[in-house]
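S.K.: Mind looking over this structure? Questions follow.
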Amino acid sequence: MRYFVEFSYFGKNYHGWQRQPNAISVQQVLEETISTFLRRPTSLVGAGRTDTGVHAKQMFAHFESDEIENIQNVIYRLNAFLPEDIAVHKIFKVDGDAHARFDATERIYEYWLVRDKNPFYFDFAHYIKQPLSIEKMNEAALLLMQYNDFECFSKSNTDVKTYLCDIKKAVWTIEGEKLIFTITADRFLRNMVRAVVGTLLDVGMGKSEVAYVKTVINSKDRSMAGPSVPAKGLYLTSVLYPEKITKKHG
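Last residue of the sequence shown? That's 250 in our numbering, and every number before it is there in order.
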């Protein structure tokens with residue numbers, strides 16, 4: 001039988017979601033813990049990748065298993081043995097062809113900035129001391145939705161077959177002490193959000209004009225875009241699926 005697992009993690013101590021040959025990953029820790037409880041080797045297929053140091057407020061993966069009895073008790077026991085920076089929230093049965101990665105319709109990321117030095121956000125957000133024009137950053141963010149080829153924001157030498165992404169939302173908002181960039185799309189390229197944020201910050205700091213974002217996107221050249229901002233401010237906040245997968249499970 002196929003199950004989905006919903007979980008979250010704080011990424012500081014991990015080299016991303018995906019297993020690495022010589023570094024600890026969230027996938028490795030979660031697979032080993034679930035395998036121990038199910039008493040059989042269990043592989044997880046994640047909804048996507050997150051890079052080293054990136055966090056996930058909501059992430060999904062699927063795995064194969066015999067019938068799992070008393071799922072709530074299994075979740076409780078898994079959380080007791082998982083490290084404090086990984087938490088399982090739900091496990092639920094799905095159809096045999098449901099796929100955590102390919103069935104996801106939207107993914108939502110947030111990037112957190114703070115503009116005053118704050119030791120309590122040291123691991124949670126990126127500190128920017130330069131003055132920023134949020135209005136210009138939002139003008140530039142709107143331009144993203146006029147395009148669908150984002151090769152300019154992709155990490156070099158990746159094995160992706162297409163650079164096409166359908167961006168549905170891109171906006172900066174102020175929430176208390178934080179300045180938050182929210183971006184929603186059907187898919188993202190490796191390092192894409194951090195490169196987008198770096199490019200928009202160049203606009204906000206006056207290093208480039210709003211219209212320069214068009215030049216960057218049309219160039220398809222990563223070196224034209226702004227620098228990647230630190231991973232610690234990036235959060236995968238939601239992964240959305242068709243109702244047929246999630247309707248029985250809230």
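Every residue, glycine too, gets a C-beta built ideally from N, C-alpha and C.
Fair warning: this is a prediction, and the values are worked out from it, not measured in the lab.
Given that a residue counts as buried once 16 or more other Cβ atoms are within 10 Å of its Cβ, and exposed if not, what is G250?
M.R.: Below a pLDDT of 50, predicted positions are generally treated as unreliable, and G250, at 47, falls in that range; the measurement from the model is reported next regardless. That one is exposed.
S.K.: In three-state terms, what does DSSP make of A80?
M.R.: Note: A80 maps to helix in three-state DSSP.
S.K.: Cα separation between R2 and L201?
M.R.: 43 Å
S.K.: Do V54 and L234 count as a contact pair if the criterion is CB distance below 8 Å?
M.R.: yes
S.K.: Are the beta-carbon atoms of F181 and V203 separated by less than 8 Å?
M.R.: no
S.K.: Pick from M224, K220, F7 and L179: whose alpha carbon is nearest that of T199?
M.R.: M224
S.K.: Quick check on the burial criterion: 16 or more other C-beta atoms within 10 angstroms. Buried or exposed for Y109?
M.R.: Buried, since its Cβ has 16 or more Cβ neighbours within 10 Å.
S.K.: Go through its chain and collect everything with a Cβ distance to V210's Cβ below 8 Å, but skip five positions before and after it.
M.R.: K136, E139, A140, L143 and V203
S.K.: What are the start and end residues of the beta strand (DSSP E) that includes R19?
M.R.: Looking at the DSSP string, R19 is not in any beta strand (DSSP E), and its letter there is neither H nor E.
S.K.: When you compare each of F63, S238 and V213 to A275 by their alpha carbons, which one comes out closest?
M.R.: Since the first residue shown for the chain is 1 and the last is 250, residue 275 is missing from the structure and cannot be characterised.
S.K.: For a test of the three-state rule: what should DSSP assign to G250, helix, strand or coil?
M.R.: Low confidence applies to G250: its pLDDT is 47, below 50, so where it sits in the model is not reliable, and the reading given next is rough at best. In this structure, G250 counts as coil in the three-state DSSP scheme.
S.K.: Nearest-angstrom Cα distance between N218 and A195?
M.R.: N218 and A195 have their C-alpha atoms some 15 Å from each other.
S.K.: On the CB-based measure, 16 or more other CB atoms within 10 Å of its CB, does K232 come out buried or exposed?
M.R.: buried
S.K.: From what residue to what residue does the beta strand (DSSP E) around A185 run?
M.R.: K178 to A185
S.K.: Whole angstroms are fine: how far does the CA of R115 sit from the CA of Q18?
M.R.: 32 Å
S.K.: Tell me which same chain residues have a C-beta within less than 6 Å of the C-beta of G96, skipping the five on either side of it?
M.R.: Closer than 6 Å at Cβ, skipping near neighbours: R2.
S.K.: Report buried or exposed for S154, applying the criterion of at least 16 other Cβ atoms within 10 angstroms of its Cβ.
M.R.: buried
S.K.: Per DSSP, what kind of secondary structure is F37 in: helix, strand or coil?
M.R.: Three-state DSSP puts F37 in a helix.
S.K.: Whole alpha helix (DSSP H) runs in the region 34–122 with 4 or more residues, listed along the chain?
M.R.: 71–81
S.K.: Which of the three DSSP states, helix, strand or coil, is assigned to K168?
M.R.: strand
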